[in-house]
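Residue numbers (my numbering): 21 to 108. Using N, Cα and C, we set each Cβ at its ideal position, and we do this for glycine too. Structure, as structure tokens:
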């Protein structure tokens, strides 16, 4: 994957991926087969990947969390569902 930009916080690294490799569905995210050796070389303790959820299911996006540096390749084998609440 081509990385456009990396965002760092205390424990995690977030990647802003180039347009041609953006995940467009939860299925794309579920189908990813990560290279854990390469992920372990990334800055930060883990990598979070997200993809949009289909409209009408009650969630905004799906997410997977990989942290091979911590001894756990993936936090859960199940895709987690998240909802973002917008506060105005």
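Cross-strand partners of residue i (DSSP beta bridge)
| i | result |
| --- | --- |
| residue 94 | 86 |
| residue 72 | 81 |
Coarse secondary structure for residue i, derived from DSSP in three states
| i | result |
| --- | --- |
| residue 56 | helix |
Straight-line gap, residue i to residue j (C-alpha atoms, nearest Å)
| i | j | result |
| --- | --- | --- |
| residue 76 | residue 82 | 14 Å |
| residue 85 | residue 69 | 7 Å |
| residue 56 | residue 79 | 28 Å |
| residue 53 | residue 65 | 19 Å |
| residue 43 | residue 72 | 8 Å |
| residue 94 | residue 59 | 11 Å |
| residue 87 | residue 50 | 17 Å |
Residue i versus the options, residue with shortest Cα-Cα distance
| i | options | result |
| --- | --- | --- |
| residue 47 | 65, 74, 92 and 57 | 74 |
| residue 61 | 51, 89 and 93 | 89 |
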